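Protein chains in written order, with my numbering: chain X, 1 to 444; chain A, 1001 to 1173.
Ideal Cβ placement from N, Cα and C applies to all residues, glycine included.
Everything numeric in this text was worked out from a predicted model, so none of it was measured.
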Amino acid sequence: MSNQSAPLTYSRVNDDIIRMLEKPSLKWLALFVFDLSVLGIGAMCFIYQVYTGLGVAGYSHPVFWGVYITNFVFWVGIAHSGTLISAILFLFRARFRMSIYRISEAMTVFAVMTAGLFPIIHLGRPWNFYWLLPYPNQRELWINFKSPLIWDVFAVSTYATVSILFFYVGMIPDLAAIRDRVVEKPRKFIYSILSLGWKGSNWEWMHYTRAYLYFAAFAAPLVISVHSVVSWDFAMANTPGWHTTIFPPYFVAGAIFSGLGLVITLCVPIRKIFHLEDYITVDNFEGMAKLIMLTSGIIGYAYAAEFFMAWYSGNPHEWGQFVYRATGDYALFYWIMVVCNVIIPISLWFKKVRTNIKALFVISLFINIGMWFERFNIIVISLSHEFDPGNWGVYKPSLIEIGITAGSFAWFFMFFLLFIKTLPAISIAEMKEILPVPRKGAKQ
Amino acid sequence: MKKNQGVVGVYSYVDSVLEAIRRLKNAGHEKRDIRVFSPTPIHEIEEALIEEESIVRFFTLAGATLGCICGIGITVLTSADWPIYVSAKPIVSIPPFMIIVFEMTVLMGALSTLIGLVVNARIRRNAPVSLYDPRFSDDKFGLAVVCEKDRVRDVEKIMNDTEAEEVKFEGLH
């Protein structure tokens, strides 16, 4: 337990954060075993699907993009706030990011790793996934660069690579601090390799701070571009409910909104379990809550604008689609989305709610649920109710799809649980940056 | 005389380090022979010891430019290699290709920045590994000076006068 009465000093930051990496408790182990069992169920469902064929998923005419693509868009969206917090807020010098950015970057990396599984799971022959890449082949065929799905491959793989680099580079000085602290030889060896011989000399810091700035400058527009590209997977198709120009800003705002929701969901228990109240402060949470207020407002506006445009366009198919969303077979899901994403976050306009950690945790859970249903509504309802009434139908996810979805959450949390016990969850070097520099004049 | 002696002062306070750097420079020690290890970046130290800009930016620019060219190349050349009209769009269709070009620019720019960081931070590190102390990643600052054998005592005196908590000596090759 950290010495919460003592003021934060350089030495205490090292002690408190490196202490998190001590031998895992029984509770952690039990949670990890439970997580692995859920992952095992997901893996078995996938193996069964590969063995039997994609028919075991609930796909049926006219809906051939179901829960898998919903999960893909949901996890890519989750991945966004990590880089928002680490890159965009870094460029804006928002100090409230310092204590939470490592957790959100880790979340980004693991969420992209989860998202990346779904387009492959969704393939009828997943072993041919590499056909999406441009490589010389005996047929002399190249991929179609005009296809939004190919843009997706480039956007998501670039985002994954840059996020991993950003995550890793940010950790190098902290890995060196752990290397200098641990005594067990195997751990020391691993952290020595990972820290690339970091010594923290003035030359190293000079190159490091500049490189970090350039990473942030690259990552910031990348955040905007990736979810815009994901939104074009839909907006480029001539399907009612999809074919609209507001999709990129709507998706980006939704992505940041959902990611911030999950950051709060993860930070609250970590703060409590590891006694990090001096690091992840109420002000940090309030900063995130304010961003949630902003993005919730944007997506609330987008929900309304979609309805307005459908009505004002005079296009009966578009209007029919939106009336169906609010009143048709999936109306319950639509209203869950509206309540979770627009109505409940209105409570954050009150400072008392924004600064109440328990309330924030509960709201963040609603946001996670609401955003998953937003993805489901956009994808499934649009396909269920296209132009021709003869072409309408209702989709229900199968048990296999539910199993794989549960497995994907377990996959994400497996990496997250490992991260908490092996890597510094709060940036040691950056926490020291916001502490007063030790000066003789200030000594007691 | 060959500069084959290393002297390291361990400090708790940044202002003591800055004072020691000022005195060392006044005593004729070159900036490139002075290194400071710190647990976090301290801009005053950087300003006191480094005049030039990091050259990592050239790696970033080169990588991003190369990525941009590769992005244009891969989209245009592969489309021209097997020209087939899709949805009545031109064979070389600029708007969709810009997405690939952008992603390739960012990807290669980021990768080359990493290379630039690793290469430069290591090559320009200069201070020998033996002068490092694990306390420098915790709460202490290390002031390392490489000098000739006959100047070691002067450096030690400056460090002691500026309240170094400990002064260590290393013979360098």
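DSSP bridge partner residues for GLN1005/A (one or two, in chain order): CYS1147/A, GLY1171/A
N-terminal and C-terminal residue of the beta strand (DSSP E) that ILE378/X is part of: Per DSSP, ILE378/X lies in no beta strand (DSSP E) segment and is marked neither H nor E.
Burial state of HIS1029/A, where buried means 16 or more other Cβ atoms lie within 10 Å: buried
Where ASN1160/A sits in the DSSP three-state scheme: Of the three classes helix, strand and coil, the one that applies to ASN1160/A here is helix, per DSSP.
Given PRO173/X as reference, the closest of ASP1138/A, LEU1143/A, ASP1154/A once Cα atoms are compared: ASP1138/A
Alpha helix (DSSP H) segments (min. 4 residues) lying fully within the stretch 14–53 of chain X: Runs found: 26–52.
VAL162/X: first and last residue of the uninterrupted alpha helix (DSSP H) it sits in: 148–181
Cβ pair LYS432/X, TYR10/X closer than 7 Å: yes
C-beta contact flag for ALA305/X and PHE322/X at 7 Å: no
C-alpha distance - GLU1053/A paired with SER347/X, whole-angstrom precision: 48 Å
Neighbourhood of LEU383/X by C-beta distance below 8 Å, restricted to the same chain and skipping five residues each side: PRO62, VAL63, PHE64, TRP65, THR239, TYR395
Distance between beta carbons of PHE366/X and ILE344/X, contact taken as under 8 Å: Their Cβ separation, rounded to whole angstroms, is 5 Å, which keeps ILE344/X and PHE366/X in contact under 8 Å.
Which listed residue (GLY254/X, ARG19/X, SER398/X) has its alpha carbon closest to that of ILE299/X: GLY254/X
Pick from VAL33/X, PRO126/X, LEU84/X, ASP15/X that is closest to TYR51/X, judged by C-alpha positions: Taking TYR51/X as reference, the option from VAL33/X, PRO126/X, LEU84/X, ASP15/X with the minimal CA-CA separation is PRO126/X.
The alpha helix (DSSP H) enclosing ARG1035/A, as first and last residue numbers: Premise fails: ARG1035/A lies in the beta strand (DSSP E), 1034–1037, not in any alpha helix (DSSP H).
Beta-carbon spacing of THR1078/A, TRP142/X below 7 Å: yes
Simplified DSSP state of SER99/X, which is helix, strand or coil: coil
Cβ-based burial, ILE103/X [other Cβ within 10 Å; buried from 16]: buried
As assigned by DSSP and simplified to three states, the class of GLU1047/A: helix
As assigned by DSSP and simplified to three states, the class of GLY118/X: The question names Gly, but residue 118/X in the sequence shown is Phe. PHE118/X: helix per DSSP, three-state reduction.
Contacts that ARG19/X makes with chain D (C-beta to C-beta distance below 8 Å): In summary, chain D is missing from the structure at hand, where the protein chains are X and A.
Cα-Cα separation, ASP1154/A to LYS199/X: 26 Å
THR158/X: CB within 6 Å of a non-hydrogen atom of the ligand ADP: This structure simply doesn't include the ligand ADP, nor any ligand for that matter.
Cβ shell of SER81/X (< 7 Å), same chain only, five flanking positions each side left out: If the five residues before and after SER81/X are omitted, its C-beta is found closer than 7 Å to the C-beta atoms of SER104, ILE256, GLY259, LEU260, VAL263, all from its own chain and listed in chain order.
Straight-line gap, GLU1170/A to SER1012/A (C-alpha atoms, nearest Å): Rounded to whole angstroms, GLU1170/A to SER1012/A spans 21 Å at the Cα level.
SER347/X in three-state terms, based on DSSP: helix
VAL1010/A and GLU1165/A closer than 7 Å at C-beta: The answer is yes: Cβ separation under 7 Å.
Assigned secondary structure, SER86/X (DSSP; H/G/I helix, E/B strand, else coil): helix
C-alpha distance - ALA425/X paired with THR265/X, whole-angstrom precision: 15 Å
Stretch-stretch touch, CB-based, cutoff 8 Å, three pairs: the stretch 71–90 of chain X with the stretch 109–124 of chain X: yes
Assigned secondary structure, PHE1058/A (DSSP; H/G/I helix, E/B strand, else coil): helix
Cutoff 6 Å; reference MET1/X; Cβ partners in own chain excluding five residues on either side: Unreliable positioning characterises MET1/X in this predicted model, as indicated by a pLDDT of 44, which lies under 50. A coordinate reading is not provided.
Residue nearest to LYS1168/A in terms of C-alpha spacing, selected from VAL1008/A, ARG1135/A, ALA1062/A: VAL1008/A
Rounded Cβ spacing between TYR214/X and THR1113/A (contact assumed at less than 8 Å): Correct: roughly 5 Å between the Cβ atoms.
Cα-Cα separation, LYS986/A to GLY197/X: This structure cannot speak to residue 986/A, because chain A is shown only from 1001 to 1173.
With 16 other Cβ atoms within 10 Å as the buried cut-off, status of VAL13/X: buried
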